[in-house]
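Peer 1: Quick note: to get the numbering used here, add 157 to the position in the sequence shown (first position is 1). The following block contains the structure, expressed as structure tokens.
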Amino acid sequence: MMTSTLSKKALVLSALVLLVLWQTAAAYLHAPLILPSPVSVFQGAAQLLAQKKFIIALLYTAKRCLEAFTISVVAGMILGVLCAFIPFCSAFFELPLAIIRSVPVVAVILLALFWLKTDEIPIFAAILMSLPVMKTCVQTGFSSCSKDVLHMAHVYRLTRLQIFLFIRIPHAYDSICTGIKNCAGMTWKVVAAGEVLSLPSKAVGTYMQNAQAILETEQVLAITALIIAASFLFSLAIQVLLHSARKAGIACTRWYFSIPLFFCRQHSSGKQNDTMHGKEIHIEHLNLGYEEKKLIFKDFSLDVPASEILAILAPSGCGKTTLLNYIASQNNYGNKAYIFQEPRLIKQLTVLQNILLPLSNCMSKRDALKHATSYLEKTGLLEKKNTFPEALSGGERQRVSLARAFAYPAGILLMDEPFQSQDSDTKEKLMHLFASLQKEQNRTVIMVTHTPSEAESLAHRTLKLQGRPVTVIETLKKH
Numbered sequence: 158m159m160t161s162t163l164s165k166k167a168l169v170l171s172a173l174v175l176l177v178l179w180q181t182a183a184a185y186l187h188a189p190l191i192l193p194s195p196v197s198v199f200q201g202a203a204q205l206l207a208q209k210k211f212i213i214a215l216l217y218t219a220k221r222c223l224e225a226f227t228i229s230v231v232a233g234m235i236l237g238v239l240c241a242f243i244p245f246c247s248a249f250f251e252l253p254l255a256i257i258r259s260v261p262v263v264a265v266i267l268l269a270l271f272w273l274k275t276d277e278i279p280i281f282a283a284i285l286m287s288l289p290v291m292k293t294c295v296q297t298g299f300s301s302c303s304k305d306v307l308h309m310a311h312v313y314r315l316t317r318l319q320i321f322l323f324i325r326i327p328h329a330y331d332s333i334c335t336g337i338k339n340c341a342g343m344t345w346k347v348v349a350a351g352e353v354l355s356l357p358s359k360a361v362g363t364y365m366q367n368a369q370a371i372l373e374t375e376q377v378l379a380i381t382a383l384i385i386a387a388s389f390l391f392s393l394a395i396q397v398l399l400h401s402a403r404k405a406g407i408a409c410t411r412w413y414f415s416i417p418l419f420f421c422r423q424h425s426s427g428k429q430n431d432t433m434h435g436k437e438i439h440i441e442h443l444n445l446g447y448e449e450k451k452l453i454f455k456d457f458s459l460d461v462p463a464s465e466i467l468a469i470l471a472p473s474g475c476g477k478t479t480l481l482n483y484i485a486s487q488n489n490y491g492n493k494a495y496i497f498q499e500p501r502l503i504k505q506l507t508v509l510q511n512i513l514l515p516l517s518n519c520m521s522k523r524d525a526l527k528h529a530t531s532y533l534e535k536t537g538l539l540e541k542k543n544t545f546p547e548a549l550s551g552g553e554r555q556r557v558s559l560a561r562a563f564a565y566p567a568g569i570l571l572m573d574e575p576f577q578s579q580d581s582d583t584k585e586k587l588m589h590l591f592a593s594l595q596k597e598q599n600r601t602v603i604m605v606t607h608t609p610s611e612a613e614s615l616a617h618r619t620l621k622l623q624g625r626p627v628t629v630i631e632t633l634k635k636h
């Protein structure tokens, strides 16, 4: 709130300084033909607004701006999405859009004089200038989506639609808004420039050109001030719409989680419990790495009996996370729950919604809500269920990740150093919490760590790994 107040005060002060400088320069020159005073310009603007013909011209200009803006935004969003997800499209449009960005606006308008009607030229020029900006913003927003969160989504088997709605669109939203705001400001400038050169019968640009031809500097500046004011009001309206769109998105998210239609109805409560029984993990002669000569795992085998807690102890960079990700990617083990090094929560969803989203694909709404609420209560987060992740502490976020993993029906639980970023008290609480939840479910657990005390405290068996390719140098069993 304080930052917003300071920004408003700074804006008002900046405007006053500009007006004072303008008035000072006009008084010093004392030449209205070169630089009229602010008062005379504002009086001229008021006189123009009193003329019916000028109002009609302004409305026609606004109509052209709206048409150009709408086409630019819609086409830019479509192109941006295509280029973000289809590499061929990105490569195909790169050269044409680069050429468009390089061509001066005046050159575009002058060339369009040979091809289009005078009413169409300003719209064409504005689209040509705004479209690449919108496309770039949309493509950047979707392309820069967090790979860690996407990996979490694939592990928990979120559908493509869920990933697009709850991860990709929210992540790209700010970038999309930036593109829309830039288009809103750019459209008025280019349309006005197009009207000045093409001279449509009803346009404020035509008024400006006529005033310039008869050396009416005061009127030129008055029209310019009105164009700036109209552009500002247009941009303000766009910001209000974007703010409303954000609120509508939150409302739609709540609606999604309130409708049973979006939850799976094919799993009974009994089947959900069955999927949580520990499953055996069997890996034989695994070869895994980035290059043939730089294999991380070579002829590597691993057997984990059902319901065993296996700790993998190894130095950093040894391939522990790579092994977990490999197991997570295998379909023959069914569902896998995963507790990552960092929580990997979807920041636009509440604590409860973060847990409900994976459950929605394998439970009815009633069972999913009951399941999620139960594990939030066990992790001490029930009071935080409607809180967004950014408002939680690091330990609380990791507890949400723990609750999500244990609420998700899976026979295998993978843990990638989930306690490493916690302080000693939080770490101890999370370890006790894990132990108590594991006793209830008896899943097969592979826990990666580089802390011997964690392995000794929680695991039935510990494998010590070393080298590259990875080899097992020691096996420790808990007595």
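The beta carbon of each residue, even a glycine, is placed where N, CA and C say it ideally should be.
Considering just the uninterrupted stretch of the alpha helix (DSSP H) at Ala360, what are its terminal residues?
Peer 2: Ala360 -> no alpha helix (DSSP H), and no H or E assigned at all.
Peer 1: Does Met234 have its Cβ less than 8 Å from a Cβ in chain C?
Peer 2: Judged by its chain identifiers, the structure shown contains no chain C, having just a single protein chain.
Peer 1: Helix, strand or coil for Lys493 per DSSP?
Peer 2: strand
Peer 1: From what residue to what residue does the alpha helix (DSSP H) around Gln623 run?
Peer 2: Segment Arg618 to Gln623 is the beta strand (DSSP E) holding Gln623; no alpha helix (DSSP H) there.
Peer 1: Could you pull out every residue in the same chain whose Cβ sits closer than 6 Å to the Cβ of Cys222, ignoring the five residues on either side in sequence?
Peer 2: Thr344, Trp345 and Val348
Peer 1: According to the neighbour-count rule (16 or more other Cβ atoms, all chains shown, within 10 Å of its Cβ), is Ser301 buried or exposed?
Peer 2: exposed
Peer 1: Pull up the distance between the alpha-carbon of Val605 and that of Thr410, whole angstroms please.
Peer 2: 35 Å
Peer 1: How big is the Cα-Cα spacing for Leu526 and Phe545?
Peer 2: 18 Å
Peer 1: Residues bridged to Thr148 by DSSP?
Peer 2: Because residue 148 is not part of the residues shown, which for the chain are 158 to 636, the question remains open.
Peer 1: May I ask which residues mark the beginning and end of the beta strand (DSSP E) holding Lys346?
Peer 2: That residue, Lys346, is in no beta strand (DSSP E); its alpha helix (DSSP H) goes Ile326 to Ser355.
Peer 1: If you reduce the DSSP assignment to three classes, tell me which class Asn482 lands in.
Peer 2: Three-state result, Asn482: helix.
Peer 1: Which of helix, strand or coil does DSSP assign to Leu470?
Peer 2: strand
Peer 1: Between which two residues does the alpha helix (DSSP H) holding His607 run?
Peer 2: No residue range can be given for His607, since it is assigned to no alpha helix (DSSP H) and is classified by DSSP as neither H nor E.
Peer 1: Considering only their Cβ atoms, is the gap separating Ala341 from Gln296 smaller than 8 Å?
Peer 2: With respect to the 8 Å criterion, Gln296 and Ala341 are not classified as neighbours on the basis of their beta carbons.
Peer 1: Throw me the rounded Cβ distance for the Phe420 and Lys542 pair, which I believe falls under 8 Å.
Peer 2: The Cβ separation is near 17 Å, so there is no contact.
Peer 1: Are the beta-carbon atoms of Thr677 and Leu539 separated by less than 8 Å?
Peer 2: Nothing can be reported for residue 677: it is not among the residues displayed for the chain, which extend from 158 to 636.
Peer 1: Can you give the beta carbon distance from Gly476 to Val627, rounded, assuming they're within the 8 Å contact cut?
Peer 2: Going by Cβ atoms, the distance from Gly476 to Val627 rounds to 5 Å, so yes, they are a contact pair.
Peer 1: Using DSSP bridges, identify the partner residues of His439.
Peer 2: Asp460
Peer 1: If you follow the alpha helix (DSSP H) that Lys535 is in, where does it begin and where does it stop?
Peer 2: Lys522 to Lys535
Peer 1: Based on Cα-Cα distance, which residue from Val557, Gln505, Leu267 and Phe281 lies nearest to Lys404?
Peer 2: Gln505
Peer 1: Around the C-beta of Ser229, are 16 or more other C-beta atoms found within 10 angstroms, so that it is buried, or is it exposed?
Peer 2: buried
Peer 1: For Gly476, which three-state DSSP category applies?
Peer 2: coil
Peer 1: What span of residues does the beta strand (DSSP E) with Leu633 cover, start to end?
Peer 2: Thr628 to Lys634
Peer 1: Would you tell me roughly how many angstroms separate the C-alpha atoms of Ile496 and Tyr217, rounded to the nearest one?
Peer 2: 58 Å
Peer 1: Where are the alpha helix (DSSP H) runs, 4 residues long or more, that stay fully inside the region 256-325, in chain order?
Peer 2: 262-269, 278-300, 304-312 and 317-320
Peer 1: Taking contact to mean at least 3 C-beta pairs separated by less than 8 Å, is the region 385-405 in contact with the region 262-269?
Peer 2: no
Peer 1: For the alpha helix (DSSP H) holding Arg556, just list the boundary residues, first then last.
Peer 2: Gly551 to Ala564
Peer 1: Does Asn367 come out as helix, strand or coil in the three-state DSSP assignment?
Peer 2: helix
Peer 1: Using the Cβ count rule (16 or more neighbours within 10 Å means buried), how would you classify Lys436?
Peer 2: buried
Peer 1: Give me whichever residues DSSP pairs with Leu445 in a beta bridge.
Peer 2: Its beta-bridge partners are Phe454.
Peer 1: For the alpha helix (DSSP H) holding Phe391, just list the boundary residues, first then last.
Peer 2: Residue range Thr374 to Ser415 is occupied by the alpha helix (DSSP H) that includes Phe391.
Peer 1: With DSSP as the reference, label Phe245 as helix, strand or coil.
Peer 2: Correct three-state label for Phe245: helix.
Peer 1: Let's test the definition: count the other Cβ atoms within 10 Å of the Cβ of Gln510 and tell me whether it reaches 16, buried, or not, exposed.
Peer 2: With a 10 Å radius around the Cβ and a threshold of 16 neighbouring Cβ atoms, Gln510 comes out buried.
Peer 1: Out of Val174, Ala269, Phe389 and Ala350, which has the shortest C-alpha to C-alpha gap to Asn339?
Peer 2: Phe389
Peer 1: In whole angstroms, what separates the C-alpha of Gly568 from that of Leu590?
Peer 2: 19 Å
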